[in-house]
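Peer 1: Before we start, here is the structure in question, set down as structure tokens.
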Amino acid sequence: MERKGRGNEHGQAETWEPSVADIIWGKVSKAIAEIDLSTLFIEDEKAKWFGHWSQMSKQDDETNRIETQYIVETSRLRDLMAQSLNFGPDSPSTQFPSIVSFVGASGAGKSLLVRYLIHLGETDTTYENMQSPITGGSLCATTGEVNLYADPSTIGTSTPLFLADCEGMGGDVASVASSYQMKWHSLKGKSNQKAYYFGDQVDRKYVIKDTYPRLLYIFSDVICYVVGEKAWSKTITRLLNWSTTGAQHTINQAALPALILIINLSMEGKEEWVSEEGGDIFTRHVLEIMNVEAATNKKLKDMAQKYNISPDSSGSGGKGQNLLESLLLKSYSSVHAHFIPRVGLEKSWQSDAMLKQAIRLQQLIKLESGRVQEMRAKSLTKFNTYQLEAMTDYAFSHIVENPKVPFDFGFCRLSMTKSIETHTAKFLKICLERSKQANISAVFEAATNFIASAIVKKAQSSRNQAVIELHIFHPGMKRLCKEAIHEFLESYMPCSYVNENADWKCVNTKNGHVKGHQSEFGDCFVNGEFEEAESSIEGSLMAAIETKIHGIVVKARDTAGSSPQKWYSFVSMNHKQCMEELRKLGVYSRRKNYRNILDRDRFLSLLFEGDSFINSQFCTLCLFGKSEYRLPCQHMICGTCLKENSASNRMQEPDAMAVLEKCVLCDDNGRSHGWPFTVQMLPVLTNPRILALDGAGVRGVTQLVLLERLEESIGLGLPIGYFFDLIVGSSMGGIIALGLGVQGLHVSECLRRFKAIGSKGFDNKLGTKTPGLKWISRRIRGSIYLQESYSRAVKEYFDNGKGNITFGLRNHCRVAVTTTVGGDARLIANYHAGDDEKYINSKMTISDAAQCSSMAPLYFEPMLVNGKEFWDGGLTANNPVQLALDESNLLWGTPRPDLVISIGTGHSSALQDEPVGLKNLDEKLKELMTPWLRTMNGQQDWKDFCSSKKNDPDTLARCHRLSVSSVFKHETAFDEADRVMIMEMTARTYDERYKKSYSLYEPVSGECRGGIIEVQANILRASQYYFKVTRILKGGYKKFFIYGSLKCRLDLIHGEPFLYLLKFTNYFTINRLKVVDVDESIRRSQFFDMPIQFEHSYASGPIRIVVNFNEDTYSVAISGFPMDIQVLRDYCAENGIEEEELDVDLNFEDDNKEGEQLKFNNLHKLQQTIASEDSSSNGDPIERVMTPSTTANDFL
614 MERKGRGNEH GQAETWEPSV ADIIWGKVSK AIAEIDLSTL FIEDEKAKWF GHWSQMSKQD
674 DETNRIETQY IVETSRLRDL MAQSLNFGPD SPSTQFPSIV SFVGASGAGK SLLVRYLIHL
734 GETDTTYENM QSPITGGSLC ATTGEVNLYA DPSTIGTSTP LFLADCEGMG GDVASVASSY
794 QMKWHSLKGK SNQKAYYFGD QVDRKYVIKD TYPRLLYIFS DVICYVVGEK AWSKTITRLL
854 NWSTTGAQHT INQAALPALI LIINLSMEGK EEWVSEEGGD IFTRHVLEIM NVEAATNKKL
914 KDMAQKYNIS PDSSGSGGKG QNLLESLLLK SYSSVHAHFI PRVGLEKSWQ SDAMLKQAIR
974 LQQLIKLESG RVQEMRAKSL TKFNTYQLEA MTDYAFSHIV ENPKVPFDFG FCRLSMTKSI
1034 ETHTAKFLKI CLERSKQANI SAVFEAATNF IASAIVKKAQ SSRNQAVIEL HIFHPGMKRL
1094 CKEAIHEFLE SYMPCSYVNE NADWKCVNTK NGHVKGHQSE FGDCFVNGEF EEAESSIEGS
1154 LMAAIETKIH GIVVKARDTA GSSPQKWYSF VSMNHKQCME ELRKLGVYSR RKNYRNILDR
1214 DRFLSLLFEG DSFINSQFCT LCLFGKSEYR LPCQHMICGT CLKENSASNR MQEPDAMAVL
1274 EKCVLCDDNG RSHGWPFTVQ MLPVLTNPRI LALDGAGVRG VTQLVLLERL EESIGLGLPI
1334 GYFFDLIVGS SMGGIIALGL GVQGLHVSEC LRRFKAIGSK GFDNKLGTKT PGLKWISRRI
1394 RGSIYLQESY SRAVKEYFDN GKGNITFGLR NHCRVAVTTT VGGDARLIAN YHAGDDEKYI
1454 NSKMTISDAA QCSSMAPLYF EPMLVNGKEF WDGGLTANNP VQLALDESNL LWGTPRPDLV
1514 ISIGTGHSSA LQDEPVGLKN LDEKLKELMT PWLRTMNGQQ DWKDFCSSKK NDPDTLARCH
1574 RLSVSSVFKH ETAFDEADRV MIMEMTARTY DERYKKSYSL YEPVSGECRG GIIEVQANIL
1634 RASQYYFKVT RILKGGYKKF FIYGSLKCRL DLIHGEPFLY LLKFTNYFTI NRLKVVDVDE
1694 SIRRSQFFDM PIQFEHSYAS GPIRIVVNFN EDTYSVAISG FPMDIQVLRD YCAENGIEEE
1754 ELDVDLNFED DNKEGEQLKF NNLHKLQQTI ASEDSSSNGD PIERVMTPST TANDFL
């Protein structure tokens, strides 16, 4: 850069090199006249975070039109958090954003200051020319509503700073931006935009003076109050009004924001303000001047009296604070004043002084932000990106819809640890809050009774009663209780202070008592330390729990004697009585209150569980179990408690079905509310049934047709999801998995909805499908299809976005969908709440989970949830069969599955063409997308899976792949919707033969020439049958005599499916010996329960129990079989079924002296011996017929 000066002694112009200060100021002060104003402000509209919007309602009577007021929140915060998370390869995956808000009067210079800090923060490693506010270079108001900008010096770090530029307070000066920014509040086509409706009639001035301060006070770590005038009295009044508006509408706030009072004044004659010690000098100068003004301000004196601050003293605590500072420290954790030279007010203004002060301001902001973040960490309110989004959403909803109720940080503090200790502490908190009408001593009495009962109940899982009594309250349990009580007292127990007039009491907790005593409405303050209730002393609560545990044990011993069953019954009954006491105190809310709780917890779900038991990760019924099942009333309980409280009904099979007639927590019931809650359970000695679904966009129609045929072949009239215990899907396979498994839809309905996504969801952007324009259009627009159209179609697929969240089993089927985050495969599962590692937080709506799994790069933009980008799960696990088997092992140990079905989306002889625009993707996405396009048919993944199981042929015998050979030479692309009809027709003619393995654990016995769909249907149908062992005897020569029953998961309660199953069932064999003929008398039964007994020896290999359907030439194994005899023995040993030694010289008649008649009761007369013609290695010829009179002597 060259600038001509006066010249040197030779009269030549000197070259001028600009300083850093000049360069930065040049960027900041760049004349907006160079670019059209409308262009600048329309571009700046993208920075809008939230603001006021009003709309006239459309009425038939135009004279009575009503103006409706809203706060509209854009996706700006989420977008900036996503930008920071994905900024660079070294950007931390967990970040804790810090918001710094710039507020003040219109024209004070807020936008100019934010703009300067952004250009100051630009470095070689960050984006150049990052978005910054538009300034007019004058004293006019430029910003409208609240804009949000990223600080370039911290973006992509563990603590990115976001700078909020707020519209000038007062609301009486129209901003320049308001003349140009007309579209930011529009909700049309913006799925991430949210509008919050004001229930009360308000106007724009109210929103700016009341709502904006409340929101920014909650969100901010640092408040920068910018002043551009010397009217100290007005400044003091405005500052205190703004501060108290925020502070008086928050309670339980442990970490107060810092205040930086930025004075934008002339520096003539005040050079010390920009010296090294200028910050302290200026702070003292400003506070002294303002305190002199405050001394004559009646409003401040009244405020001081209200807060119990003496106008003549040094303030509370003796810290040398003047009156004004003491008042400000009721709202802030620290107060600083900072000088900024005022632009345009003096001829001597220097860019160097501006740079120096801006650097100091930047350092001060970072220092104070870090200090407040440390305070947040100690009080469990330091929010990462996901938690910050949930908290801000909740704050918007709460403040707009409940303007008279303070924001309670206690709701947010609940979330930060997910331990059983925190869960127990939260239980105590909710007991206290829900039973406000009861005496506090009565509440603690009932709560400690319940905790003591839960501890005893947990201990009874031991089979040894003596061990139970000795080790119920072991040191580990004592430590847990002590930590839970301590956390409750520190974070959740409110202060016991009641003011002298007894008209209000303090609601702040010990951790949230930094403001002193505060009323439930937030507006009453009194200095004072936290006052602890006498009955809540930690030691007394611990002693109460221990005493009550001892009392329960004594009563149980007196009642039960030596009977474990009576002990169990007494403990269970006592626990229900304790729960009933809590219900009487109002701890468990009735269903009518749940809508408000659900709405609030929808925002707080990522933080923890809000103020309810609805999304708790631990069972509230027993306190210690892991929550699994979501009841119709939305309460969550564990599987053990579900079984224990299941209704006893002889019409159903208790091992295979759990039925709750009502909620055991809140007593909610009635068919209109969704009761009874009936769920299929996995019976003991059965194995899981697994379905894995590939992804490939519109090619998912192939999977649905195959599944529809499979469902029809089973022929029981039940949805296909009923026959699987785990479904894992990727991409479009994930959408199908959620529909079949979570929602329990029939395949035909899923197919109809799937086609609707194809017709409505693939709505291309302008030019992206136009020949000749594709490449440039896709490069400019970022993706081919409109995100909003696809999102809307997916929401319609899942019942038009009713908002049901993914976490929590509503039936037996566990479902996981894959997604890609930062290049790694992740799972969203209805059985796992999330751990921020392998499992994504699943407290998101089902439609959001579906979108997270199916956003393919190039075709769509990423799905943003809680500031994190989610891409298509197919990028990292398109064929999820290995993931599915791994999940099964984690859920149920490592049993051999009954079956694993992997369904592909079709394959062709040639790969699909490379889509136009692939090279436009960034390198990281391109590295994932390119191999996915080559392997989208999933066949190579299947080969790799089979190769990995070569050393486990018995598991591999249960795994099968269904993949249709396409009629097209090239494979169908992700979005070729015009091929859907042909793919559907091709899948309906798919007829691959079933191939038997040579494994001893092959599920098919006999000669099998059926198609793979037919055979798999029979295997799934056979999985409805299982074996329950009741007795085992060990004889000589490693022979065993086993007693038990053949049972069925279905019963007459299921209606036609049960009758159809019995109609299809022909007979059962055990180890090639026919044991049960299913005749008409059995088919007329209300349930299926056939007592059987058989002999088995180690030398015979696994036990084979198979069923024959429709007189087929082959039979298929029931669930859990073939089974090793050692597996059966281990189960008996673990479950109290003692293995009896049988003397070989003792026949069953001798053994029957004890009254045991060891013969086959209820076995139906068999008519013939059937021999298999199968010549395969695992053929099962039936060698002999067993009759009802056959006894164990016949075996010997």
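For the sequence shown, the numbering used here assigns the number 614 to the initial residue and increments by one for each residue that follows. C-beta atoms are modelled at their ideal positions from N, C-alpha and C, and glycine is treated no differently.
Taking the DSSP output, what are the residues bridged to S1710?
Peer 2: Looking up residue 1710 in the sequence shown gives position 1097. For S1710, which the question treats as bridged, DSSP gives the partners K1652.
Peer 1: Taking just the CA atoms, how far does P710 sit from P631?
Peer 2: Start at 1 with the first residue of the sequence shown, and residue 631 comes out as number 18. Start at 1 with the first residue of the sequence shown, and residue 710 comes out as number 97. One C-alpha to the other measures close to 35 angstroms.
Peer 1: Relative to the C-alpha of A1429, which candidate in R1439, G1435, R1423 has its C-alpha closest?
Peer 2: Taking the first residue of the sequence shown as 1, we reach residue 1429 at position 816. The shortest C-alpha separation from A1429 is found at R1439.
Peer 1: Report the three-state DSSP secondary structure of P1704 (helix, strand or coil).
Peer 2: On the sequence shown, residue 1704 is found 1091 positions in, with the first residue counted as 1. In this structure, P1704 counts as strand in the three-state DSSP scheme.
Peer 1: What number of angstroms, rounded off, separates the C-alpha of L1234 from the C-alpha of I1250?
Peer 2: Counting from 1 along the sequence shown, the entry for residue 1234 is found at position 621. Counting from 1 along the sequence shown, the entry for residue 1250 is found at position 637. Their Cα atoms are separated by approximately 7 angstroms.
Peer 1: For S888, which residues in the same chain have their Cβ closer than 8 angstroms to its Cβ, ignoring the five residues on either side in sequence?
Peer 2: In the sequence shown, residue 888 corresponds to position 275, counting from 1. Here the set comprises I894.
Peer 1: I believe L874 touches V899 by the beta-carbon criterion, under 8 angstroms. Please report the beta-carbon distance rounded to the nearest angstrom.
Peer 2: Numbered from its first residue, the sequence shown carries residue 874 at position 261. Numbered from its first residue, the sequence shown carries residue 899 at position 286. Confirmed, Cβ separation roughly 6 angstroms.
Peer 1: Taking N1187 as part of the beta strand (DSSP E), name the residues at either end of that continuous run.
Peer 2: On the sequence shown, residue 1187 is found 574 positions in, with the first residue counted as 1. Premise fails: N1187 lies in the alpha helix (DSSP H), 1177-1197, not in any beta strand (DSSP E).
Peer 1: Mind checking C1559: buried by the 16 CB within 10 Å criterion, or exposed?
Peer 2: Reading the sequence shown from its first residue, position 946 is the one you call residue 1559. So C1559 ends up on the exposed side.
Peer 1: Report yes if the CB atom of I1738 is closer than 8 angstroms to the CB atom of F1640, and no otherwise.
Peer 2: Counting from 1 along the sequence shown, the entry for residue 1738 is found at position 1125. Counting from 1 along the sequence shown, the entry for residue 1640 is found at position 1027. Their beta carbons are not under 8 angstroms apart, which means I1738 does not touch F1640 by this criterion.
Peer 1: Starting from the C-beta of P1528, find all residues in its chain whose C-beta is less than 7 angstroms away, skip the five residues before and the five after it, and write them out in chain order.
Peer 2: Mapped onto the sequence shown, residue 1528 falls at position 915. Around P1528: L1471, A1586.
Peer 1: Measuring only the C-alpha atoms, how far is S1820 from L1524?
Peer 2: Nothing about residue 1820 can be reported from this structure: the residues present for the chain run from 614 to 1809 only.
Peer 1: Excluding sequence positions up to five away, which residues of its chain have a Cβ less than 6 angstroms from the Cβ of S1460?
Peer 2: Counting from 1 along the sequence shown, the entry for residue 1460 is found at position 847. So the qualifying residues of the chain are V1407, K1408, F1411, G1414.
Peer 1: Below 8 angstroms on the Cβ atoms is my contact criterion, and I expect I864 with N1121 to pass it. Report the Cβ-Cβ distance as a whole number of Å.
Peer 2: The residue given as residue 864 occupies position 251 in the sequence shown. The residue given as residue 1121 occupies position 508 in the sequence shown. That pair is a contact at about 6 angstroms.
Peer 1: State yes or no: is the C-beta of S1728 within less than 8 angstroms of the C-beta of F1336?
Peer 2: Numbered from 1 along the sequence shown, position 1115 holds the residue referred to as residue 1728. Numbered from 1 along the sequence shown, position 723 holds the residue referred to as residue 1336. No, the Cβ-Cβ distance between S1728 and F1336 is not below 8 angstroms.
Peer 1: Nearest by alpha-carbon distance to A1369: which of L937, R1392, R1405, I1389 is it?
Peer 2: Looking up residue 1369 in the sequence shown gives position 756. It is R1405 whose Cα lies nearest to the Cα of A1369.
Peer 1: For P826, does the three-state DSSP call read helix, strand or coil?
Peer 2: The residue labelled residue 826 in the question sits at position 213 within the sequence shown. Residue state, collapsed to three classes: helix.
Peer 1: Write down every uninterrupted run of the alpha helix (DSSP H) in the region 664-727 whose length is 4 residues or greater and which is fully enclosed by it, in chain order.
Peer 2: 689-698
Peer 1: Can you have a look at A1712 and say buried or exposed, based on whether 16 or more other CB atoms are within 10 angstroms of its CB?
Peer 2: Here residue 1712 is taken as the residue at index 1099 of the sequence shown, counted from 1. Label assigned to A1712: exposed.
Peer 1: I'd like to know whether the C-beta atoms of G1342 and A1350 end up nearer to each other than 8 angstroms.
Peer 2: Position 729 of the sequence shown, counted from the start, is the residue given in the question as residue 1342. Position 737 of the sequence shown, counted from the start, is the residue given in the question as residue 1350. Contact flag set, yes.
Peer 1: Assuming Y1603 is part of the beta strand (DSSP E), what are its boundary residues?
Peer 2: What you label residue 1603 is simply residue 990 of the sequence shown in a count that begins at 1. Neither: Y1603 is in no beta strand (DSSP E) and is coded neither H nor E.
Peer 1: So, is N1564 buried or exposed, given that buried needs 16 or more other C-beta atoms within 10 angstroms?
Peer 2: Here residue 1564 refers to the residue found at position 951 of the sequence shown. The residue in question, N1564, is exposed, as its Cβ has fewer than 16 Cβ neighbours within 10 Å.
Peer 1: Just checking, does the region 1042-1061 make contact with the region 1130-1145 on the three C-beta pairs under 8 angstroms criterion?
Peer 2: no
Peer 1: Which two residues bound the contiguous beta strand (DSSP E) that contains G1342?
Peer 2: Within the sequence shown, numbered from 1, the residue matching residue 1342 stands at position 729. It spans 1339-1342 - the beta strand (DSSP E) in which G1342 sits, taken as one unbroken run.
Peer 1: Measuring CB to CB, does L1273 end up less than 8 angstroms from L1255?
Peer 2: As a working note, residue 1273 is residue 660 in the sequence shown. As a working note, residue 1255 is residue 642 in the sequence shown. The answer is yes: Cβ separation under 8 angstroms.
Peer 1: Just grab the DSSP bridge partners of A1065 for me.
Peer 2: Taking the first residue of the sequence shown as 1, we reach residue 1065 at position 452. According to DSSP, A1065 bridges with nothing at all.
Peer 1: Please determine, among Q1247, M1090, E1669, the residue with the shortest C-alpha to C-alpha distance to L1331.
Peer 2: Here residue 1331 refers to the residue found at position 718 of the sequence shown. Nearest in C-alpha terms to L1331, of all of Q1247, M1090, E1669, is E1669.
Peer 1: Taking the DSSP output, what are the residues bridged to P1107?
Peer 2: Here the question's residue 1107 lines up with position 494 in the sequence shown. DSSP, once it has assigned bridges, lists T1122 as partnering P1107.
Peer 1: Please classify K659 as buried or exposed, where buried requires at least 16 neighbouring CB atoms within 10 angstroms.
Peer 2: Here residue 659 corresponds to residue number 46 of the sequence shown, with the count starting at 1. Under this definition K659 is an exposed residue.
Peer 1: Straight-line CA distance for L1093 to N1114?
Peer 2: Numbered from 1 along the sequence shown, position 480 holds the residue referred to as residue 1093. Numbered from 1 along the sequence shown, position 501 holds the residue referred to as residue 1114. Distance between the alpha carbons of L1093 and N1114: 40 angstroms.
Peer 1: Report the CB separation of L730 from D764 in whole angstroms; it is logged as a contact under 8 angstroms.
Peer 2: Here residue 730 corresponds to residue number 117 of the sequence shown, with the count starting at 1. Here residue 764 corresponds to residue number 151 of the sequence shown, with the count starting at 1. So it is a contact: roughly 7 angstroms between Cβ atoms.
Peer 1: Quick one: which unbroken beta strand (DSSP E) runs of 3-plus residues sit fully inside the region 941-1018? Chain order, please.
Peer 2: 947-954
Peer 1: Note down, in chain order, each residue of its chain lying with its Cβ closer than 6 angstroms to the Cβ of T1253, except the 5 sequence neighbours on either side.
Peer 2: Residue mapping note: residue 1253 aligns to position 640 of the sequence shown, counting from 1. G1238, listed in sequence order.
Peer 1: May I have the straight-line CA-CA distance separating L936 from N854, to the nearest angstrom?
Peer 2: Translated into positions along the sequence shown, residue 936 becomes position 323. Translated into positions along the sequence shown, residue 854 becomes position 241. In a straight line, the C-alpha of L936 is about 16 angstroms away from that of N854.
Peer 1: Given this structure, state the Cα-to-Cα distance separating F1040 from I1393, to the nearest angstrom.
Peer 2: Counting from 1 along the sequence shown, the entry for residue 1040 is found at position 427. Counting from 1 along the sequence shown, the entry for residue 1393 is found at position 780. Spanning the two alpha carbons is a distance of roughly 53 angstroms.
Peer 1: Looking only at its chain, what residues have a beta carbon closer than 7 angstroms to the beta carbon of K1275, apart from the 5 residues adjacent to it on each side?
Peer 2: Locating residue 1275 in the sequence shown gives position 662, where the first residue counts as 1. The answer, listed in chain order, is D1281, N1282, W1288.
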